[in-house]
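Visitor:
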Amino acid sequence: MNFQPVLLAAGRGERLAPVSDKTPKCLIPIGNVPMLWYPLRSLDLAGFSDVLIVILKSYESKISSALDHMQKKVPWKTEGFHYKFHSIVENIGEEEGTATSLLNIASVRKNDLLVISCDLITDVPLKSLIEKHTLHRATLTCLMKKLSKPEGALPGVRSKAIAKENNVVGIDEKSDGLLFIYAAADHKDHINLTQTMLTRYPRMLLTSQLEDCHLYCISREALLSVPHATNCHSLRTELIPHLLTHQYTPGDFSIDEDKLSMDLVTKLSSWTDHTGDMHGPYHDTKTRCYVHVAESHNLCLRSNTVPDFYEANKQIGAYTQHFGLGSFHKIPEGLKRSQAGNDSMLGDRLNMGDKSSIKKSMIGSCCEIGDKVKINNCIIMDNVKIKDSCVLQTCIICENSIIDEKAELKECIIGAKQTVPTGKMTNEVLADDEDEFI
């Protein structure tokens with residue numbers, strides 16, 4: 002395929018705290034698999050063989066080790082599939098530096114970029130996005146999904162306080178052209194629409210019920226033109242708004258000869274993408290942006306907040322076959338099926354006592370569970386020790402924590418390396434105030 006896949010995995014994951022306090026965001030487990038493995042697998046299943054992964058230099062050995070471990074368990078489907086690291090030295094925030102990395106990659110690669118975030122888990126066929134981008138010789142094509150909220154109880158008071166970042170999205174109903182994306186918080190009372198926009202797109206859909214999935218096809222030529230036009234560092238908050246706005250400003254990005262030839266063929270033909278005026282196809286502009294909305298039956302999850310992380314772990318069990326994770330669904334040796342059913346995902350080297358049960362939960366590797374323990378709707382990460390007679394309901398227990406005997410936890414989040422004493426806790430978060438992120 003004539004695209005360079007780029008997997009963005011350099012974010013710290015501040016909105017996932019305390020789950021991300023001791024673990025790089027891209028290595029946080031979803032169904033006992035590092036988060037970034039899912040988009041990497043999607044690229045593999047789509048037939049790509051050469052992937053660039055943008056990471057922080059300090060995480061390179063950890064990420065490489067985790068991916069090598071996964072490859073031994075689940076071999077790649079595409080022959081010759083491989084990845085390379087594009088390392089960033091400085092420590093960056095959740096959004097900073099993403100656009101800068103893409104500009105650097107575009108300067109040394111010859112193809113348009115297919116950009117995917119490490120926190121996206123989807124079974125949407127990538128070719129549907131690529132085909133739309135290629136058909137229209139687009140500047141930007143992005144994947145969106147209908148806005149959804151996690152159902153049922155959530156762990157921790159922080160989870161209940163986190164709201165989705167709603168956007169107001171403008172779409173041309175005839176062509177699926179992406180006209181604008183405005184943050185709803187910045188436009189509570191009104192939205193300014195230019196005369197040029199209204200003239201070009203008289204039938205415009207305005208909605209606040211779509212969520213950006215952070216999967217994009219981006220024109221290489223547009224990226225190379227950006228440094229001369231504006232100073233963009235963030236993909237989501239600076240680069241994409243710049244590309245969308247450029248649809249309505251004089252001047253176009255320079256494009257390669259093949260795309261220019263196809264534009265000429267289109268202009269000389271009788272085909273047009275719109276009606277109502279005498280302008281040529283695409284309103285005689287070479288800067289054009291599009292959206293592809295995921296079907297309701299498609300899996301499309303982003304794990305960039307604690308509620309989303311919890312929801313992803315609840316749903317991923319139904320998609321293990323798609324991602325080739327059937328072996329992760331097996332009951333470990335020595336464990337009775339009555340203790341843990343097929344609605345749970347259990348890690349390696351699980352030591353579980355008598356008369357204990359696990360329902361609808363994810364249990365990490367090397368965990369110890371005592372006698373008469375009940376675990377329901379929980380995420381238990383690696384190397385957690387749960388002593389006798391504990392009851393855990395709708396909780397997240399991070400790695401290397403200890404739950405003392407007879408503890409009863411409901412809707413709680415326990416950070417890494419914590420010890421929970423005997424007693425009852427409900428709707429609480431236990432974590433270090435100032436964790437050192439490593």
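When the letters of the sequence shown are read in order and numbered with the numbering used here, they come out as residues 2 to 439.
Here a beta-carbon is modelled for each residue, glycine too, at the ideal position from N, C-alpha and C.
In this text, all values refer to a predicted model and were calculated from it rather than measured experimentally.
#1: Taking only the alpha-carbon atoms, compute the straight-line gap between residue 431 and residue 420 and give it to the nearest angstrom.
#2: Would you call residue 168 buried or exposed, if buried means 16 or more other Cβ atoms sit within 10 Å of its Cβ?
#3: Could you say which of 121, 199 and 217 lies nearest to residue 314 if we only look at CA atoms?
#4: DSSP has residue 86 in a bridge; who is on the other side?
#5: Just to confirm the assignment, what range does the alpha helix (DSSP H) spanning residue 79 have?
#6: Once DSSP output is grouped into helix, strand and coil, what is the label at residue 353?
#7: For residue 171, list the residues DSSP reports as bridge partners.
#8: If you reduce the DSSP assignment to three classes, tell me which class residue 8 lands in.
#9: Which runs of the beta strand (DSSP E), 3 residues or longer, sit entirely within the region 297–336?
#10: Bridge partners of residue 145, per DSSP?
#11: Measure the Cβ-Cβ separation of residue 146 and residue 301 and say whether it is below 7 Å.
#12: Could you give the C-beta distance for residue 404 and residue 387, rounded to a whole number, given that I count them as a contact under 8 Å?
#13: Can you give me the C-alpha to C-alpha distance between residue 6 and residue 368, rounded to a whole angstrom?
#14: Out of 63, 41 and 62, which one is the CA nearest neighbour of residue 53?
#15: Are residue 142 and residue 128 closer than 7 Å when you measure CB to CB?
#16: Does residue 118 come out as helix, strand or coil in the three-state DSSP assignment?
#17: Leaving out five residues on either side along the sequence, give the residues of the same chain with a beta carbon under 6 Å from the beta carbon of residue 324.
#18: I'd like the span of the alpha helix (DSSP H) that includes residue 68, first residue to last.
#19: Rank 250, 235 and 208 by C-alpha distance to the C-alpha of residue 196 and give the top, closest one.
#20: Count the CB pairs spanning the region 205–219 and the region 60–75 that are closer than 8 Å, and state whether there are at least three.
#21: Does the region 98–109 touch the region 20–30, meaning 3 or more C-beta pairs lie closer than 8 Å?
#22: Which of the three DSSP states, helix, strand or coil, is assigned to residue 40?
#23: Residue ranges of each alpha helix (DSSP H) run of no fewer than 4 residues wholly in the region 383–412, ordered along the chain?
#24: For residue 34, which residues does DSSP report across the bridge?
#25: Taking DSSP's pairing of strands, which residues face residue 369 in a bridge?
#26: Whose C-beta lies closer than 7 Å to the C-beta of residue 183 among residues of the same chain, with five residues either side of it excluded?
#27: What is the rounded straight-line gap between the Cα of residue 392 and the Cα of residue 124?
#28: Do you know whose CA, among 416, 305 and 365, lies nearest residue 14's CA?
#29: With DSSP run on the structure shown, which of helix, strand or coil describes residue 267?
#30: Are the beta-carbon atoms belonging to residue 290 and residue 99 less than 7 Å from one another?
#31: Spatial neighbours of residue 374 within its chain, please: C-beta separation below 6 Å, excluding the five flanking residues on both sides.
#32: Please report the distance separating the alpha-carbon of residue 417 from that of residue 364.
#33: Going by alpha carbons, who is nearest to residue 148 out of 214, 4 and 372?
#34: What residue does the alpha helix (DSSP H) around residue 192 start on, and which one ends it?
#35: If you count every other CB in all the chains shown that lies within 10 Å of the CB of residue 152, and 16 or more means buried, which is it?
#36: Just to confirm my understanding: we take residue 366, look at its own chain, exclude 5 residues before and 5 after, and list those with CB closer than 8 Å. What are they?
Guide: So, from the listed chains and residues:
#1: A direct Cα-Cα distance of roughly 9 Å separates residue 431 from residue 420.
#2: So residue 168 counts as buried.
#3: Distance from the Cα of residue 314 is smallest, within the candidate group 121, 199 and 217, for 121.
#4: DSSP output for residue 86 lists 54 as bridge partner(s).
#5: First-last for residue 79: undefined, no H or E at that position.
#6: In the three-state DSSP reduction, residue 353 falls in the strand class (E or B).
#7: Within the DSSP secondary-structure output, residue 171 pairs in a beta bridge with 181 and 207.
#8: Strand at residue 8.
#9: Segments of the beta strand (DSSP E) lying fully in the region 297–336: 301–303.
#10: DSSP lists 213 and 294 as partners of residue 145.
#11: Yes, the Cβ-Cβ distance between residue 146 and residue 301 is below 7 Å.
#12: Going by Cβ atoms, the distance from residue 404 to residue 387 rounds to 5 Å, so yes, they are a contact pair.
#13: If you take the alpha carbons of residue 6 and residue 368, they lie about 36 Å apart.
#14: Answer by Cα proximity: 41.
#15: No, these two residues do not count as a Cβ contact at 7 Å.
#16: The answer is strand: DSSP assigns residue 118 an E or B state.
#17: Result list for residue 324: 42, in chain order.
#18: For residue 68, the enclosing alpha helix (DSSP H) has its first and last residue at 61–74.
#19: Relative to residue 196, the option among 250, 235 and 208 whose CA is nearest is 250.
#20: Verdict: no, contact absent.
#21: Touching, no, given that fewer than three Cβ pairs across the two stretches are closer than 8 Å.
#22: Here residue 40 sits in helix by DSSP.
#23: Positions of the alpha helix (DSSP H) runs, each at least 4 residues long and wholly inside the region 383–412, cannot be given because no such run exists.
#24: DSSP, once it has assigned bridges, lists 31 as partnering residue 34.
#25: Bridge partners of residue 369 according to DSSP: 352 and 386.
#26: Around residue 183, the same chain offers 168, 169 and 192 as residues with beta carbons nearer than 7 Å, after the five sequence neighbours per side are excluded.
#27: Between the alpha carbons of residue 392 and residue 124 lies a distance of about 35 Å.
#28: Taking residue 14 as reference, the option from 416, 305 and 365 with the minimal CA-CA separation is 305.
#29: Bear in mind that the predicted position of residue 267 carries a pLDDT of just 48, short of 50, making it unreliable; the figure below should be weighed with that in mind. For residue 267, the secondary structure class from DSSP, reduced to helix, strand or coil, is helix.
#30: Not in contact: residue 290 and residue 99 (Cβ atoms no closer than 7 Å).
#31: Within the same chain, residue 374 has close Cβ partners 357, 387 and 391.
#32: So the alpha carbons of these two residues sit roughly 15 Å apart.
#33: Looking at 214, 4 and 372, the one whose alpha-carbon comes closest to that of residue 148 is 214.
#34: No alpha helix (DSSP H) contains residue 192, which DSSP labels as neither H nor E.
#35: Exposure of residue 152 is indicated by the presence of fewer than 16 other C-beta atoms within 10 angstroms of its C-beta.
#36: Listed in chain order, the non-local C-beta contacts of residue 366 below 8 Å within the same chain comprise 33, 348, 349, 350, 351, 383 and 384, local neighbours out to five positions each way being set aside.
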